[in-house]
Amino acid sequence: MLQTGIEGFTVRAATLEDTALIIQYIKELAEYEKMAEQVTATAELIERTIFIEQHAFVLLAEFNGAPVGYALWFYNFSTFKGRPGLYIEDIYIRSKMRGRGFGNALFKILARIAMSKDCARMEWICLDWNEPSRQFYQALGAETVDGWTVHRLGEDGISKLAKD
């Protein structure tokens, strides 16, 4: 258990036994982000990529023993800084549990992890329309990175490029 400073609120590293809960959170977040149809993650994929191959890490948040949210992250690398970074793929607190400081506490724990790994920065993406989250991130001290555009190759694009 990791210290949160909020009575009844605990955070712990996910285990293989938490796979179904992680899938549930992924689906809840996708629903919130209006992207539910894009979820193709399965329990088998999560088990393999997170718990066996360790491509990413997951923290689970609980309030009085009940699950309330999660954070999923991995390490990237900044060539300009010459150091790793902590990239937050997902951070999610169930809507009825927001406004209690749980998200802030999760970010603080991630910041401590980033410091312990000598990360030069923490980064994440937020949808343009998600004003409540954008305001929350600004209150944390996060800056919007102007002048950068996200580019992505999906599975089909990767396959096509690899074959060319």
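FYI, the numbering for the sequence shown is 219 to 382, going by our numbering.
Ideal Cβ positions, reconstructed from N, Cα and C, are used throughout, including at glycine.
From a predicted model like this one, the values you see are computed outputs, not experimental measurements.
Inter-residue CB distance, residue i and residue j (contact presumed, cutoff 8 Å)
i, j, result
"A261", "I241", "6 Å"
"I270", "A289", "Actually they are not in contact, since the Cβ atoms of I270 and A289 sit about 20 Å apart, beyond 8 Å."
"A291", "L328", "Strictly speaking, residue 291 in this sequence is Trp, with Ala absent from that position. Confirmed, Cβ separation roughly 6 Å."
"E246", "Y310", "7 Å"
"V368", "F320", "Contact doesn't hold; Cβ gap of about 27 Å is too wide."
"V229", "L220", "4 Å"
"A323", "S296", "Going by Cβ atoms, the distance from A323 to S296 rounds to 26 Å, so no, they are not a contact pair."
Inter-residue spacing [alpha-carbon to alpha-carbon] between residue i and residue j
i, j, result
"L277", "D382", "39 Å"
"W366", "L358", "21 Å"
"M340", "R312", "22 Å"
"W342", "T222", "21 Å"
"Q356", "A332", "19 Å"
"R318", "I268", "29 Å"
"S334", "R301", "12 Å"
"P350", "T362", "14 Å"
Residue(s) in a DSSP beta bridge with residue i
i, result
"S296", "R301"
"A284", "F281"
"Y310", "Y288"
"E341", "Y305"
"V276", "L290"
"R230", "L278"
"L220", "V229"
Beta-carbon contacts of residue i that lie in its chain and below 6 Å, excluding the five residues immediately before and after
i, result
"F281", "G226, F227"
Cβ shell of residue i (< 7 Å), same chain only, five flanking positions each side left out
i, result
"E265", "L234, T237"
"R352", "C344"
Residues of its chain near residue i, where Cβ-Cβ distance is below 8 Å and the 5 sequence neighbours each way are ignored
i, result
"L379", "L371"
"E251", "L345, N348"
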